[in-house]
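Going line by line, the protein sequences match chains D and L.
The letter at position 73 of the first sequence is residue 73 when you use our numbering, and the numbering goes up by one with no holes.
Each position in the second sequence, counted from 1, maps to that position plus 1000 in our numbering.
Backbone N, C-alpha and C define an ideal beta-carbon position, used for all residues, glycine too.
Computed from a predicted model, the values in this text were never measured in an experiment.
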Amino acid sequence: MSTDQQDIIHFIYAEAALIDAQKFTEWLDLYTEDALYWMPLEFDQTEEHLTTSLMYEDKLLLTVRINRLQGHRTYSQKPRSRCHHLLQTPEILEINDDEVKTKTAFHYTETRNDEQFTLVGWVEHTLKRASDGEKPGALKILRKRVNLLNPEAAHSNIQLFV
Amino acid sequence: MGKIDIDGLVRPGGREIHRDVFTDQDIFQQEMKTVFRRTWVYVGHDSQVQNKGDFYTTTIGNQPVIMVRHTDDQIQVLLNRCPHKGVKLVEDTNGSTGKFFRCPYHAWSFKTDGSPLGIPFNKGYEETGFDTSCAKKGMCKVSNVQNYRGFIFARLSDEGESFEDFFTGSLSSIDNMIDRSPEGRLEVVGKPLRYMHKCNWKMLVDNQTDTCHPMIAHESSAGTIKRVWKSVQDETLSKPMVVELVLPFMSSYDDFEKMGIRTWDNGHGHTGVSGSIHSDYSDIDGYYGQMVDAYGKDRAESIMGETRHNTCYFPNMMVKGATQTLRLFIPIAANKTIVESWIFRLVGAPDTFLKRTAMYNRIINAPTSIVGHDDLEMYERAQEGLSVDANPWVNLQRHYREDELGGEQLHPGTSEAQMRNHYVNWARYMSTEDNS
Ligand SMILES: [Fe+2]
């Protein structure tokens, strides 16, 4: 495996680790300004805008989410939730000079009070290499699509990030 | 189960409600036998079963049903069990069954109006008395079904008000949602959001007309959106659609007070009589012209100018015409409810409407929605808090006045009159005996 491929795989692990550590500001820094976080409602959904999704969020909404999690009147986070990602080795689907596509199987667990639930599925990342800035070539997330195994099921609150 | 003392549960005028109404499983069972049998419960939309043989499966209260388009193009509502040994005939939520249902267990078959079609090797039933059995009659069918402009309602009981007497003027909210289509037609889009709530279904009904909670309970979500938007705001940018949808949740008590509430007989009512949190959405290009062409200027403006916010239909449905959303509060147990949130396309209108509707649904109604998280936290804390024996009463006295209910009446926008309307009628239906 090339160093480049290793870096990509470590990047995917590091993203999940930041969520689990609840370092949300650092986590959101991994996303480009025009990034999109999508969790479809239907298993093989292709439509993005003209049907319901569970999440379809730009950086503004993701920023709202991470601010809300810290809010002193965010009662659904009193007490706080915790989460854990168990990832399979990311599969690199496409790799070229400016963009990388990966697919990663996950088991995601979220807990709060005495409740704990697990979501299973695959996450598809589209990563972009920075062309300039401090670290040329550094990876950023342009798009993250979370495909749950059971997106249509009657879930209770899913409060953190898969 | 002893006889339930309904009068002891709902104090006069619906001003105080005993906690057992939310927590007691015997009361829940009684609701299934009365409230959900005696009233016209929403089953589904006819766009879900467009062709003959198409079906959709759901529940009415705790009763599994199949909504199916019969060979005569009429929509039938059948109880989802084989008359033989009780096997559910249809397990899929949607599909087409062709001209008949076939039980997977012993291949008994039934036409799509439930009537018996065939039993294999049926000579074994000769002279057994089978001819007079329940099984011989075929699938049980709900005889009181109404297709109101595409919205299918069913009343399980043979007794109860007629469709028109049950809904009276409240149908105007469904009318308005449909009339917003230049073709006067809606279509269900996609699957519904399904959201598990560990609380009683009536807490969700109450919440739909609870105008004193958004600025408090949703400070964490809507308030944060307001703050974040302000901090990044670029005067050259127009307000993003999502900000436009969520900011009105932070409207003041005074704003909500002025919006008003309207109640109708039999437990129906709505918020947003004059102005609502949906009033100030941006115009969508081309739509005004389409509407004027379809309806004429005056009628088009009156349809588009309708500001209704949430309309509650007794017992367990809410319709939001301005965002073409329908929510069902599906009772599973005294402390368990599944909320389904459905969206519609305004047939003939620009796609931007559907984009806004789909956005509203995921931002507000999803299990991943931060607004939903705020609300669910309150319901589940209430469900737990009601275990306190020292005070068993839920208080609904805000803006109470005598003779506030009956016919069509208006109330201040922060009144709990529609909640009282719900419980006064709930108590009435709970006291009915069902002999059918
Ligand atoms: Fe709410």
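Compare the beta carbon distance of residue i and residue j with 8 Å and say whether it is the shorter of the two.
i, j, result
"valine 1145 (chain L)", "isoleucine 1152 (chain L)", "yes"
"isoleucine 1174 (chain L)", "tyrosine 1148 (chain L)", "yes"
"valine 1077 (chain L)", "alanine 1154 (chain L)", "yes"
"leucine 1171 (chain L)", "leucine 1346 (chain L)", "no"
"proline 136 (chain D)", "proline 40 (chain D)", "no"
"methionine 1291 (chain L)", "serine 1252 (chain L)", "no"
"phenylalanine 117 (chain D)", "histidine 85 (chain D)", "no"
"leucine 160 (chain D)", "isoleucine 19 (chain D)", "yes"
"isoleucine 1075 (chain L)", "valine 1035 (chain L)", "no"
"leucine 28 (chain D)", "valine 1242 (chain L)", "no"
"glycine 1013 (chain L)", "arginine 1420 (chain L)", "yes"
"arginine 82 (chain D)", "threonine 74 (chain D)", "no"
"aspartate 1374 (chain L)", "serine 1162 (chain L)", "no"
"glutamine 1397 (chain L)", "arginine 1102 (chain L)", "no"
"lysine 1137 (chain L)", "phenylalanine 1022 (chain L)", "no"
"tryptophan 1393 (chain L)", "histidine 1045 (chain L)", "no"
"cysteine 1212 (chain L)", "threonine 1414 (chain L)", "yes"
"isoleucine 1178 (chain L)", "glycine 1184 (chain L)", "yes"
Just checking residue i against ligand 1 - is the residue's beta carbon closer than 7 Å to any of the ligand's heavy atoms?
i, result
"aspartate 1374 (chain L)", "yes"
"proline 1214 (chain L)", "yes"
"alanine 1217 (chain L)", "yes"
"lysine 157 (chain D)", "In the sequence under discussion, the amino acid at residue 157 (chain D) is asparagine, which differs from the lysine named in the question. No - ligand 1 has no heavy atom lying nearer than 7 Å to the Cβ of asparagine 157 (chain D)."
"asparagine 1207 (chain L)", "yes"
Give every residue of the same chain whose Cβ lies closer than 8 Å to the Cβ of residue i, excluding the five residues on either side of it in the sequence, and list them in chain order.
i, result
"asparagine 1176 (chain L)", "Ile1303, Glu1306, Arg1308 and Gly1321"
"proline 1412 (chain L)", "Glu1257, Gly1260, Ile1261 and His1399"
"alanine 1417 (chain L)", "Ile1261, Thr1263, Gly1269, His1399, Tyr1400, Glu1404, Leu1405, Gln1409 and His1411"
"glutamate 91 (chain D)", "Thr102, Lys103 and Thr104"
"leucine 36 (chain D)", "Tyr56, Glu57, Asp58, Leu142, Arg143 and Lys144"
"cysteine 1312 (chain L)", "Val1205, Gln1208, Thr1209, Gly1267, His1268, Gly1269, His1270, Met1318, Gln1418 and His1422"
"valine 1065 (chain L)", "Val1043, Thr1057, Thr1058, Thr1059, Val1077, Leu1078, Leu1079, Asn1080, Val1142 and Ala1154"
"serine 76 (chain D)", "Asn157 and Gln159"
"aspartate 1280 (chain L)", "Glu1244 and Pro1248"
Residue i to residue j, Cα distance in whole Å?
i, j, result
"glycine 1124 (chain L)", "phenylalanine 1130 (chain L)", "10 Å"
"aspartate 1113 (chain L)", "phenylalanine 1329 (chain L)", "28 Å"
"arginine 1381 (chain L)", "glycine 1269 (chain L)", "26 Å"
"aspartate 1005 (chain L)", "valine 1232 (chain L)", "57 Å"
"asparagine 1062 (chain L)", "glutamate 1031 (chain L)", "10 Å"
"alanine 1217 (chain L)", "aspartate 1210 (chain L)", "11 Å"
"valine 123 (chain D)", "serine 2 (chain D)", "22 Å"
"leucine 1237 (chain L)", "leucine 30 (chain D)", "25 Å"
"alanine 153 (chain D)", "proline 1240 (chain L)", "30 Å"
"aspartate 1255 (chain L)", "isoleucine 1225 (chain L)", "19 Å"
"serine 1431 (chain L)", "isoleucine 1338 (chain L)", "26 Å"
"serine 1047 (chain L)", "valine 1068 (chain L)", "11 Å"
"alanine 14 (chain D)", "glutamine 45 (chain D)", "28 Å"
"histidine 10 (chain D)", "arginine 1356 (chain L)", "38 Å"
"asparagine 1200 (chain L)", "glutamine 1383 (chain L)", "7 Å"
"aspartate 7 (chain D)", "alanine 1300 (chain L)", "59 Å"
"histidine 1106 (chain L)", "serine 1157 (chain L)", "30 Å"
"histidine 1278 (chain L)", "valine 1228 (chain L)", "21 Å"
"glutamate 94 (chain D)", "threonine 109 (chain D)", "28 Å"
"asparagine 147 (chain D)", "asparagine 1365 (chain L)", "19 Å"
"cysteine 1140 (chain L)", "proline 1083 (chain L)", "8 Å"
"threonine 25 (chain D)", "leucine 54 (chain D)", "22 Å"
"proline 1104 (chain L)", "serine 1133 (chain L)", "21 Å"
"alanine 21 (chain D)", "phenylalanine 1167 (chain L)", "53 Å"
"arginine 112 (chain D)", "glycine 1053 (chain L)", "45 Å"
"lysine 1297 (chain L)", "glycine 1289 (chain L)", "9 Å"
"lysine 140 (chain D)", "valine 1246 (chain L)", "29 Å"
Report all residues from its chain with a CB closer than 6 Å to the CB of residue i; omit the five preceding and five following residues, and keep chain order.
i, result
"serine 1276 (chain L)", "Met1259, Thr1307 and His1309"
"proline 1367 (chain L)", "Tyr1195"
"methionine 1001 (chain L)", "Note that methionine 1001 (chain L) scores a pLDDT of 48, beneath 50, so its modelled location is shaky; the value from the coordinates is reported in the next line. Correct list, in chain order: Asp1026."
Once you ignore the five residues that flank residue i on each side, which residues in its own chain have a CB closer than 7 Å to its CB?
i, result
"asparagine 1361 (chain L)", "Leu1193, Thr1325, Ser1341 and Ile1343"
"serine 1282 (chain L)", "Glu1244"
"serine 1369 (chain L)", "Arg1362 and Ile1363"
"aspartate 1020 (chain L)", "Leu1009 and Ile1027"
Under the assumption that residue i contacts residue j (Cβ atoms under 8 Å), give the Cβ distance between them as a whole number of angstroms.
i, j, result
"threonine 1039 (chain L)", "proline 1315 (chain L)", "6 Å"
"tyrosine 1429 (chain L)", "alanine 1349 (chain L)", "Incorrect: roughly 37 Å between the Cβ atoms, too far for contact."
"leucine 87 (chain D)", "alanine 16 (chain D)", "6 Å"
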